[in-house]
Amino acid sequence: MQYPERFSDLPPYAFPRLRALLDSHEPGGDPLAMSIGEPKHAFPPWVTDVIAANAQGFNRYPVNEGAPELLSAVCDWVQRRYGVPLGTDRVMALNGTREGLYSVAHALCPESKNGKKTAVLVPNPFYQVYAVAALSVGAEPVFVPATLETGFLPDFASVPAEVLDRTAMAYICSPSNPQGVVADRAYWTDLLALAEKHDFRIIADECYCEIYRHEPPLGALQVAAELGADPERVLAFHSLSKRSNLPGLRSGFVAGGPQAIARIRQLRNYAGAPLPMPLQAAAAQVWADENHVIENRRLYAAKFDLADRVLSGVPGYASPQAGFFLWLPVPDGEAATLKLWQETGVRVLPGAYLGRDAGGENPGAGYIRVALVAPETETEAGLTALRDCLY
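Numbering (UniProt numbering), first residue to last: 1 to 391.
Here it is, written out as structure tokens:
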């Protein structure tokens, strides 16, 4: 069977690569997974009650764009969190944000721009869906390094003007995965100006925005509204997976201009998988509740402080601003990951698996990513073993 040539450039997914690297070797201790960002804190206990109370909804086809109650809850949350009033025509419920981050390219990315092949800007390292979305619509993913020298955020202004002129979309993750860096007002302002100058959309992945240490991260919609930017310039993606420890609920949303949302909804009519109605009912109540989010943030803050204590002497250690990952420098990420597994049983992710060779260099090669999702005692044991093994 012949497959489209563009898919020959798909990178191997990170976790099958990790299994291939480690699973033929015995762990050197009790296995402890610090490789995947799957939240382990408790989700609100009443979620299951809401699902049960609305179970008759499984007998109905789900509302494609999101039930009115869910869309209203999302708009209310955006107003509370960012001070941005939105009508329900500017939001759509997603079956997890991965769906939206992928399908947005199919809905909004043209095959060509200014008579040339469309470019899609992707931070490097990055959530792999960004590049796959670009490739799947025949666009060229352009990898923009997010390194120590750039403050671990991509310097999109360094991209040549001839590439920017054929750019249709730029993906940006803030707080960033894997580095835990937050885009500040100046960064968003500059990016919005660049997008306006070269006429491309900003695709803002803000799934980690509610896990932070001190100040709530600014959002792309917030800064765009303050600057009076075109509402069609930005699409922001949010999720209950990290905010509320509900990755299995598969509830997220996209917010943007009404024209863009209408196009994404139209694509969903044919190709999407809407969230079942009982899960939409639960999601509406979860978006409306902040108490569990505050407690969740407290638990992560304690583990941030723990990491600072355990790793304070590690050369190059930087305490993250937000998210729940550590981005730790090592001479070789794959070698460090294998050594750590064989000697301690702690499982982390080589940074290169989140990056891409660009200009002869993979900016993730000299790092490992460590997820602080386990309970505090397990996290302390894992970080201590990591420190003693690698540093």
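Ideal Cβ placement from N, Cα and C applies to all residues, glycine included.
Item                                                                                                                                                          : Value
Are there 16 or more other CB atoms within 10 angstroms of the CB of Gln79, so buried, or fewer, so exposed?                                                  : exposed
My assumption, with CB atoms under 8 Å, is that Pro276 sits in contact with Val63. Please give the rounded CB distance.                                       : Their Cβ separation, rounded to whole angstroms, is 10 Å, which puts Pro276 and Val63 out of contact at 8 Å.
Report the rounded CA-to-CA distance for Tyr270 versus Val223, giving the unit in angstroms.                                                                  : 33 Å
Per DSSP, which residues does Pro141 bridge with? Please list them.                                                                                           : Val120
If you run the structure through DSSP and keep just helix, strand and coil, what is Tyr391?                                                                   : coil
What are the boundary residues of the alpha helix (DSSP H) that Tyr82 is part of?                                                                             : 68-82
So is His198 buried or exposed if we call it buried at 16+ other beta carbons inside 10 Å?                                                                    : buried
Quick one, are the C-beta atoms of Leu354 and Pro125 less than 8 Å apart?                                                                                     : yes
Spell out the partners DSSP gives Arg347 in its beta bridges.                                                                                                 : Ala33
Alpha carbon to alpha carbon, how far is Asn291 from Phe43?                                                                                                   : 11 Å
Is it right to say Asn177 is buried, meaning 16 or more other beta carbons lie within 10 angstroms of its own, or is it exposed?                              : buried
DSSP puts Val370 in a beta bridge; with which residues?                                                                                                       : Leu326
What is the residue span of the beta strand (DSSP E) that Phe237 lies within?                                                                                 : 234-239
CA-CA distance, Val74 and Phe253?                                                                                                                             : 8 Å
Specify the secondary structure class of Glu376 as computed by DSSP and reduced to three states.                                                              : helix
Quick one: complete beta strand (DSSP E) runs, 3+ long, within the region 248-289?                                                                            : 251-255
Could you spell out the range, first to last residue, of the beta strand (DSSP E) harbouring Asp205?                                                          : 201-205
Closest by CA to Glu26, which one among Leu338, Ala365, Asp388, Gly359?                                                                                       : Leu338
Compare the beta carbon distance of Gly323 and Gly96 with 8 Å and say whether it is the shorter of the two.                                                   : no
Evaluate the contact criterion for the region 333-350 versus the region 358-368: three or more CB pairs, one atom per stretch, below 8 Å.                     : yes
Is there contact between the region 201-209 and the region 236-246, where contact requires at least three CB pairs shorter than 8 Å?                          : yes
One question on the structure: do Tyr171 and Val132 come within less than 8 Å of each other, judged by their Cβ atoms?                                        : no
Give me the residue from Val314, Thr189, Asp165 with the minimum Cα distance to Ala385.                                                                       : Val314
Among residues of its own chain, excluding the 5 on either side of Ala374, which ones have a beta-carbon nearer than 8 Å to its beta-carbon?                  : Leu32, Ala33, Met34, Lys40, Gly382
Mapping the DSSP letters down to three states, classify Asn59 as helix, strand or coil.                                                                       : helix
DSSP on Val91, reduced to helix/strand/coil?                                                                                                                  : strand
Roughly how far, in whole angstroms, is the beta-carbon of Pro123 from the beta-carbon of Ala93, given that I think they are within contact range, below 8 Å? : 26 Å between Cβ atoms; not a contact.
Under a Cβ-count criterion, where at least 16 other Cβ atoms within 10 Å of its own Cβ denotes burial, should Glu65 be classed as buried or exposed?          : buried
Decide if Gly257 is buried, meaning its Cβ has at least 16 other Cβ atoms within 10 Å, or exposed.                                                            : buried
Can you give me the C-alpha to C-alpha distance between Leu135 and Pro141, rounded to a whole angstrom?                                                       : 7 Å
By the three-class DSSP mapping on this structure, what secondary structure does Thr384 have?                                                                 : helix
Please return the same chain residues whose Cβ sits closer than 7 Å to the Cβ of Leu311, not counting the five positions on each side in sequence.            : Tyr317, Leu383, Arg387
What is the C-beta distance between Ala301 and Arg185, in whole angstroms, given that I count them as a contact (C-beta under 8 Å)?                           : 23 Å between Cβ atoms; not a contact.
Locate the beta strand (DSSP E) running through Ala318, then write down its first and last residues.                                                          : No beta strand (DSSP E) contains Ala318, which DSSP labels as neither H nor E.
From the DSSP output, read off the bridge partner residues of Thr167.                                                                                         : Ala119
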